[in-house]
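Structure first, commentary second.
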Amino acid sequence: VEAAAGGLARAQLEEVRAKVVEAEAEAKALKAQREETLKATEALEAELAGAKKEGKALRAESKKKTAELEGKKAELAKAEERLAQVEAKLAQVEAQLAASVHLASQAADSLARVEAEGAGLRA
Numbered sequence: 036v037e038a039a040a041g042g043l044a045r046a047q048l049e050e051v052r053a054k055v056v057e058a059e060a061e062a063k064a065l066k067a068q069r070e071e072t073l074k075a076t077e078a079l080e081a082e083l084a085g086a087k088k089e090g091k092a093l094r095a096e097s098k099k100k101t102a103e104l105e106g107k108k109a110e111l112a113k114a115e116e117r118l119a120q121v122e123a124k125l126a127q128v129e130a131q132l133a134a135s136v137h138l139a140s141q142a143a144d145s146l147a148r149v150e151a152e153g154a155g156l157r158a
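Under this note's numbering, think of the first position of the sequence shown as 36, with each following residue one higher.
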């Protein structure tokens, strides 16, 4: 019975040893997996930090471009206002020119009548 019990104990001991070896191998594999996960996490964190930095730079560039665009819009509004003023002045000058041409035409007609009357009196 003792021999059988000793054989059974040795078999159980071998089974426990096999389980320990298996558990150690699994622990080693899990450690390696953990290291890979940590490295991947660090790489992703570095990538995220770079993306955040790039995003910040893009937002700053966007703000700068928006400010430049607003400046150009203000310049355009001023130029359009000036153009409207010039066009109004041009219309005024054209109206004055038309009035001057009309007066000159009336003066020419009057002069022609006077010359005709003068010619009639001389005749």
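Think of the CB as a built atom: it goes at the ideal place given N, C-alpha and C, for glycine as much as any other residue.
Contiguous beta strand (DSSP E) elements confined to the segment 90-148 do not occur, taking only those with 3 or more residues. Its chain contains no residue whose beta carbon lies nearer than 8 Å to that of serine 140 once the 5 sequence neighbours on both sides are disregarded. A direct Cα-to-Cα measurement between leucine 138 and alanine 130 gives close to 12 Å.
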